[in-house]
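For reference, the structure is listed below as structure tokens.
Numbering (my numbering), first residue to last: 1 to 331.
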């Protein structure tokens, strides 16, 4: 599907973008693979590794609608990964987070429609489900924008979907590098926010593969949620720092005890497939009659029961301490 196509990723110098580019260059032959981001140093560093003839590096910000419109010319597929993601930074700089995560999403949508992009997938987060912090609230607003965009296209072929998943093992700013840095410094304890805290867990490669497959699955308007394992924070600390003490520091502002990906309030819009869930649009698209129980890969799903909720605490799949370390090797 991606051979001889032009592909663009916003925020492409991040952890996801680098793994995504590595995967695309290994398995496909795109005509252009465009990295759009605002950090020239990260682009320079990335070019030292990824310099195939199809690679293009555009300096630009998703806040800049004109630059996006220029960058999206003759593009077939877009992955929107650019976002301000740090929860404390968003709380202290709310308007900056809103400008990037909400206004930037609107700009991506408008540029995609104006340039007849075939398909757009926006990356979301489990924090967008029943959000309690500003970052999650902005990503929920972004999700709603991308879903509703399918009603803005008229007769155009552009389609939009969202992929939502949990914490990415080893990504920049995540807990694993933090624990590793403390251990390297010789610390005798690791900080634990709450002994009962759980999180969803996915590798970078798992996230990339899920996004790529959903380009083939999507009809437009879906929020795709993978079935992935959970971890207990205490097990994570034990896996990386066996024998170290655990210092309970308390739940930080904006944090949840368990993360949610499919809220109970959305259960009447949720369809379960073998390896993922789909949250269908709550609005009706004019002139479109879409049966989301069967996707474009002919995979079939069934509605979940009323009140069903998929969160990291009730997940039937938990990793043991041994599995956590094995799981990390898949990075």
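Backbone N, C-alpha and C fix where the C-beta goes; we use that ideal spot for every residue, glycine too.
For this session: Determine the DSSP secondary structure at residue 331, reduced to helix, strand or coil.
Result: Any answer about residue 331 is weak, because its pLDDT of 49 lies below 50 and its placement is not dependable; what the coordinates show is given next. Look at residue 331 here: in three-state DSSP terms it is coil, with no helix or strand label.
Exercise. Which ranges does the beta strand (DSSP E) cover as unbroken runs of at least 3 residues, wholly within the segment 175-244, from first to last along the chain?
Worked result: Within the segment 175-244, the complete beta strand (DSSP E) runs of at least 3 residues are 189-192, 198-202, 223-226 and 230-232.
Exercise. Excluding sequence positions up to five away, which residues of its chain have a Cβ less than 8 angstroms from the Cβ of residue 331?
Worked result: Here the model assigns residue 331 a pLDDT of 49, short of 50, so the residue's position is not dependable and the matter cannot be decided.
Problem set entry | Three-state secondary structure (DSSP) of residue 310 | Correct three-state label for residue 310: strand.
Problem set entry | Three-state class that DSSP yields for residue 28 in the structure shown | It is coil, neither helix nor strand.
Problem set entry | Start-to-end residues for the beta strand (DSSP E) that takes in residue 262 | Under the DSSP assignment, residue 262 falls in the beta strand (DSSP E) whose first and last residues are 260-262.
Problem set entry | Option in 255, 31 and 14 with minimal Cα separation from residue 45 | Checked all of 255, 31 and 14; the closest Cα to residue 45 is 14.
For this session: Please determine if the segment 230-248 and the segment 178-189 are in contact, where contact requires at least 3 C-beta pairs separated by less than 8 angstroms.
Result: Because the criterion of three Cβ pairs below 8 angstroms is met, the segment 230-248 and the segment 178-189 touch.
Exercise. Excluding sequence positions up to five away, which residues of its chain have a Cβ less than 7 angstroms from the Cβ of residue 196?
Worked result: Excluding residues within five positions, the ones whose Cβ falls inside 7 angstroms are 257.
For this session: Can you tell me which of the three DSSP states residue 54 falls into?
Result: Reduced to three states, the DSSP call for residue 54 is coil.
Exercise. Between the segment 264-276 and the segment 88-96, do at least 3 Cβ pairs fall closer than 8 angstroms?
Worked result: Result no; under three Cβ-Cβ pairs closer than 8 angstroms.
For this session: Report yes if the C-beta distance between residue 145 and residue 72 is below 8 angstroms; otherwise report no.
Result: Not closer than 8 angstroms, so no.
Exercise. Residue 110 lies in the alpha helix (DSSP H); which residues open and close that run?
Worked result: It spans 104-114 - the alpha helix (DSSP H) in which residue 110 sits, taken as one unbroken run.
Problem set entry | Other residues of its chain near residue 21: CB distance less than 6 angstroms, five sequence neighbours each side excluded | Excluding positions up to five away in sequence, the list reads 50.
Exercise. Would you call the CB atoms of residue 124 and residue 159 closer than 8 angstroms?
Worked result: Their beta carbons are not under 8 angstroms apart, which means residue 124 does not touch residue 159 by this criterion.
For this session: For residue 270, name the three-state secondary structure that DSSP assigns.
Result: Assignment of residue 270 by DSSP, reduced to helix, strand and coil, places it in the strand class.
For this session: Give the DSSP bridge partners of residue 160, in chain order.
Result: Its beta-bridge partners are 120.
Exercise. Exposed or buried, residue 253, counting other C-beta atoms within 10 Å across all chains shown (16 or more means buried)?
Worked result: It counts as exposed.
For this session: Might you give, ordered along the chain, the residues of its own chain that have their beta carbon closer than 6 angstroms to the beta carbon of residue 313, omitting 5 neighbours on each side?
Result: Within the same chain, Cβ atoms closer than 6 angstroms to the Cβ of residue 313 are found at 198 and 258, the five residues on either side in sequence being excluded.
Exercise. Using the rule of at least 16 other Cβ atoms within 10 Å of the residue's Cβ for burial, across every protein chain shown, is residue 266 buried or exposed?
Worked result: Here residue 266 is buried: its Cβ has 16 or more other Cβ atoms, across all protein chains shown, within 10 Å.
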